[in-house]
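Here is the structure we will look at, set down as structure tokens.
Protein chains: 2
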Amino acid sequence: MEKPYRIQFFIIIISIAVFTCAYSRNTNLRSSSNTGVHNSNHHFTDTPLHPLDPLTVPEINKIRSILSAYGPFSSSSPSINTLSLDEPDKSQVVSWKTGEPLPPRRASVLAVLDGQTHVLTVDLNLGVVTTDVVNVGSGYPMLTTEDQLTASLVLYSNLEFNNSILARGVDFNDLVCGSSSPGWFGPGEEGKRIVKVQCFSGQNTPNYYMRPIEGLTVTVDVDKREIVKLTDTGRHIPIPKETNTDYLYATTSQFSDMTPETNPMSMEQPKGPSFTVENGHTVKWANWVFHLKPDIRAGMIISQAVVQAENGEYRSVMYKGFASEVFVPYMDPDQHWYFKSYLDVGEYGLGATAMALVELNDCPRYSYYMDGVFATADGRPFIQPNMICIFERYAGDIGWRHSEIPAMGFDMRESRPKVTLVARMVSSVGNYDYIFDWEFQTDGVIRIKVGLSGMLLVKATPYENLYNIPNTDDMTGPLVSENVIGVVHDHYISYHLDMDIDGQNNSFAEVNLVKEESLPGQSPRKSYLKAKRKVAKTENDAKIKFSLYDPSEFHVFNPARRSRLGNPTGYKIVPGGTAASLLDHDDPPQIRAAVTNNQIWVTPHNRSEEWVGGLLVSQSKGDDTIAVWSAR
Amino acid sequence: MEKPYRIQFFIIIISIAVFTCAYSRNTNLRSSSNTGVHNSNHHFTDTPLHPLDPLTVPEINKIRSILSAYGPFSSSSPSINTLSLDEPDKSQVVSWKTGEPLPPRRASVLAVLDGQTHVLTVDLNLGVVTTDVVNVGSGYPMLTTEDQLTASLVLYSNLEFNNSILARGVDFNDLVCGSSSPGWFGPGEEGKRIVKVQCFSGQNTPNYYMRPIEGLTVTVDVDKREIVKLTDTGRHIPIPKETNTDYLYATTSQFSDMTPETNPMSMEQPKGPSFTVENGHTVKWANWVFHLKPDIRAGMIISQAVVQAENGEYRSVMYKGFASEVFVPYMDPDQHWYFKSYLDVGEYGLGATAMALVELNDCPRYSYYMDGVFATADGRPFIQPNMICIFERYAGDIGWRHSEIPAMGFDMRESRPKVTLVARMVSSVGNYDYIFDWEFQTDGVIRIKVGLSGMLLVKATPYENLYNIPNTDDMTGPLVSENVIGVVHDHYISYHLDMDIDGQNNSFAEVNLVKEESLPGQSPRKSYLKAKRKVAKTENDAKIKFSLYDPSEFHVFNPARRSRLGNPTGYKIVPGGTAASLLDHDDPPQIRAAVTNNQIWVTPHNRSEEWVGGLLVSQSKGDDTIAVWSAR
């Protein structure tokens, strides 16, 4: 049985981002030329050349015409929430060879019409909608930018809302309102697509996040375009001042004096980079070949990663890898905060929130930039330029080295610098910027890294400093500035890794490190460590909770393929810094993010089980999570 | 009360080093010029300019003449195991200002004479030995290179040993023997300074580590220069073949074909680096200033690190930081392996084993190289050239960034590349190369990194592959090549961090993240996380065992210094990947490495408690470890 691997690891936010904004900038890099390779066409004539290539502009246009001609959608036009390639079956993709005709091209469309979610399949070759399933379970597709704009417009035309703003003395020209996914908290808000809108003052700063209009939350039905509920309980809470919140390089002259300047520095490649990107998506570097594409929901998808062995043979490593979900629960029961338990991938989309990268600052010189080709809510194609960058990385690190002590009769100092390949994308999900890296090493290691930058999501408080807070134990986070609390929260990031090491039918083993007592008289040593290998027989065997004092290694291996020594070939999964969710398992946010109940899950390959929070995550009750599939 | 902080974290070895040796090399970098700034004098006339500057060549020569005139040493000359600066009291160092005369210069000497360890203090100004304490507890100083040579010479002149070698058909010209510290395992080997010598065949490979002569261990008294015990039980075990073990760049043409070549790549700084090294040891970069020196035992010592705040004020962060001990227990009870439970810092010395760095491969272009000035066993000065490198690092990473979604009415893409400063040293403790980095960030973060490279310490076995091993459960490690087992082991690295954040008298707080249940009717949320801060009142409060499911943050702070908001100023200690030692607490190796019983210890400042394994570690019973001090 084929098993894809969902590895989940955690990032605990290090909340210094907002304080570092004046630092580590590099003027000269910013003004430099020769910034990289550009894929600078408008994609009007793109054609897919690989079974996994994303939908092209012509294909998206064709899909739009197919949908507009489709019965149910011909009268009133739906909101197209996501429109992306419906990948061919794995067997078709694996057996496909370059030059062969592509398997039939199909699109998967999530659309909302009259409050109902349609899960459609469009066949591009046949030119028809082949399936149209109306969702009867809970949940809605990702919010579109249009949904979020709708919500703001509804607000501005509402008297009660305007009074709340006026009461706070905020000029409407300074008003910035953002739509927040509402989560799911029981029957109260079911049966309609809603968002929770909260506002900020952008007066005298681009960093409106630091100036929240606290205690004002408006629940909006984005399909009916009406306000469901308006709660205004915070008129007594001042809007934090803008002092020192501006982070714009152009206008932060007041920072410049205190910014430690460093001389210009760059990675140079006199002969250019060593990688190529063929047919727009196939990346070849050193001993690696893989398919890379932008995705509206996952952001980046790495497919069919193969590595060349020393004997020249290309060996498959991973069929598909991507970020499946990101869980961000804030820790404040307040009525204006309790619902902030985001599932960024399913509610906002890592591709939908990935802006164009800043050349030379987000990615080094000689980077290759890949555009995202997506669709708007009315089905029109749109281009997200420079959404992904690919670059070779020399970080001053050592790949391998050894020195001998001359006294041993040898005098050897051997060292190889470490050069890697990085594919990078940044998703700006509101205040936060997630920096997603896939790093490939020539020794076969694949490194998944996530960095967190941007701004904190903060809560306004009447208190200017700790001294006038009556009971600091009641605070839901530290006071990070006058009248500003940085509410405690976590970021849990789950990756879907479909490993195909030397082919399919991989297995999973837990290698437990246990203490052995030496036998009487056996040794002066009383105890030593032994590695005990246990191959997972069932999904339950492979529901892993990390344990610091009962440690294990985790191996994905191919039982059918052995080294010349007889060891099965495989990869070791090495978790990074990890933490566990401490929320009640029956707390609504945790039910929806049940993936964080374990740190590793191993489930059979099933194309309908790629999104660990479910296909339709927004407002879902958690009835389609990996915990539910796995319990079946 | 002043508290230095000993933070201990763990590295679990990723044993791919030996397999990566063919990779990530870069011909062009190797042949390049302009390799960095050199401190290329012979130090004949160096003079100390800072109270913490290491002993100079003239000072070492003076100490040698003082010692030779010293009564007990005038007749027979001792073995000088370590000779280094006896740092002035912290109060003197902190109050010293540039330009002022230095506090009295003193040397601390560990010498062995007639099997006794002398702990001496030499006053350079008075020109006399001021204290001479003969050690009555257990333990001896670091082994010297001379000790290790002695051991080999004793072997070669022994008939029984020579017969054992001949019986294995090894040509004496190919014989390589290394001295291993014996650990301590009860009374059997007490009262004499011994080493365990084991040998390898260097036939047809520079990588003799891969060709162990298994089952032959000779115990040698290095002071009496005689063999205490010879055990030969492995004549039936073949010496592994040399096939593909050669890692030398010059002779590995057979690798070249299979090595993925990448184009040359380097960090370039058209205006040169932004840091300066003043008076040989004071490093100034961006907003950081610190004192850096080589040390025979710790390798590198960072002192008086101060960071410049936005208002221009220099604020103290750390008085002293260094690697205090490295515990490397191998997990094999076999009579030839049980004793391999190394304490690399106290037994071998990270400075004593730090070879000259390989320019452009160990450190990037524009690195500054610092020499080590140490003493030989007869007290003569010797120079370890290019022992430490300092460089600015741009790794293609992002220091801070934020993008706004244009739909929000903003179109901002701000990003600052990340540039840091790194001080690096590599210790080659036999087969292993430890890469020690201190990395400083402009946002105030200090990063401690340890990389592991070199070769595995392997055990020869009669078995060529897994198929002819009767019971693989008996193996003490994986079969990594024909007849070669990579024995399971760990590397535990303990750092001593004497934090002085905004001055002395810092405190330690554990911030525990606990689940709170929301009150009935309080919130749709059932649970949330709360940070509960507990300030350590006693040393026991601050004996920290990490807990994944009861997580905490760890803060070092200055209760006397508060931000304008009233928050105490401080640093957060963020552990990296960690593991716990699973050995019995009463197992001799664990008693000596009791520091690994906890992951953080906090103890009062005490100059005699800098080495967590004790001052005299070799063969010690563990009667001077941090666990012993802390229990007092």
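Chains as they are written, first to last, in the working numbering: chain A, 18 to 649; chain B, 18 to 649.
In this text, a Cβ means the ideal position worked out from N, Cα and C, and glycines have one as well.
- One Cα belongs to B:I211, the other to A:M442, and the distance between them is close to 57 Å.
- Taking a C-beta distance under 8 Å as the contact criterion, A:V436 and A:E409 qualify as a contact pair.
- Restricting attention to B:D490, B:Q607, B:S580, B:N500, the CA atom closest to the CA of B:E259 is found in B:N500.
- Interface residue (Cβ-Cβ distance to chain B less than 8 Å): A:P281 is classified as such.
- For the set B:F344, B:V153, B:K241, the Cα lying nearest the Cα of B:T613 is the one of B:F344.
- Contact of A:D519 with chain B is not assigned, every C-beta pair being separated by 8 Å or more.
- According to the DSSP assignment, B:V531 belongs to the beta strand (DSSP E) that extends over 524 to 534.
- Within the region 297 to 313 of chain A, A303, N304 place their CB atoms closer than 7 Å to a CB of chain B, listed in sequence order.
- Check the Cα spacing between A:L530 and each of B:S91, B:H506, B:T147, B:N179: the tightest is with B:H506.
- Rounded to the nearest whole angstrom, the C-alpha separation of B:N221 and B:L496 is 22 Å.
- Chain A has no Cβ within less than 8 Å of the Cβ of B:R609.
- If you compare the alpha carbons of B:R397, B:V375, B:A394 with that of B:M387, the shortest gap goes to B:V375.
- Among the residues of chain B, those whose CB is under 9 Å from the CB of A:V443 are I415, R418, S420, S432, following chain order.
- According to the DSSP secondary-structure assignment, A:W302 is paired through a beta bridge with A:W305.
- Contact of B:C380 with chain A by beta-carbon distance below 8 Å involves G413.
- DSSP places B:F391 in the uninterrupted beta strand (DSSP E) bounded by 384 to 392.
- Its Cα nearest to that of A:K476, the residue A:Y347 stands out among A:A611, A:R332, A:Y347.
- Comparing alpha-carbon positions, the option among A:Y226, A:E243, A:D103 lying closest to A:V171 turns out to be A:E243.
- Using beta-carbon distances, B:R410 counts as an interface residue toward chain A, with a partner under 8 Å.
- Excluding the 5 residues flanking it on each side, A:N304 has same chain C-beta neighbours closer than 7 Å at V324, Q325, T459, in chain order.
- Interface flag for B:M372 against chain A is set, since a Cβ pair is found closer than 8 Å.
- The distance from the Cβ of B:V146 to that of B:V139 is about 5 Å, consistent with a contact at the 8 Å cut-off.
- In the three-state scheme derived from DSSP, where H, G and I count as helix and E and B as strand, B:D490 is classed as helix.
- Nearest to B:D188 by C-alpha distance, out of B:I256, B:T62, B:D240, B:K209, is B:I256.
- Cβ neighbours of A:G447 within its own chain (closer than 7 Å, five residues either side excluded): G195.
- Take the alpha-carbon of B:T555 and the one of B:V619: they are about 9 Å apart.
- Under the Cβ criterion of 8 Å, B:R210 is not counted among the residues facing chain A.
- B:T73 is positioned such that its CB atom lies no closer than 8 Å to that of B:H59.
- By the C-beta criterion, the region 385 to 401 of chain B is judged not to be in contact with the region 462 to 475 of chain B, since fewer than 3 inter-stretch pairs fall below 8 Å.
- With respect to the C-alpha of A:S320, the residue from A:S101, A:L309, A:P605, A:I230 having the closest C-alpha is A:L309.
- Here A:A267 is exposed: its Cβ has fewer than 16 other Cβ atoms, across all protein chains shown, within 10 Å.
- DSSP lists no beta-bridge partner residue for B:F90.
- At a cut-off of 8 Å between C-beta atoms, A:R542 counts as an interface residue with respect to chain B.
- Along the length of the region 318 to 398 of chain B, whole alpha helix (DSSP H) runs at least 4 residues long occupy 361 to 364, reported in chain order.
- At a C-beta separation below 9 Å, A:V439 has these neighbours in chain B: G413.
- Those residues of the region 214 to 227 of chain B placed with their C-beta closer than 7 Å to a C-beta in chain A are P223, ordered along the chain.
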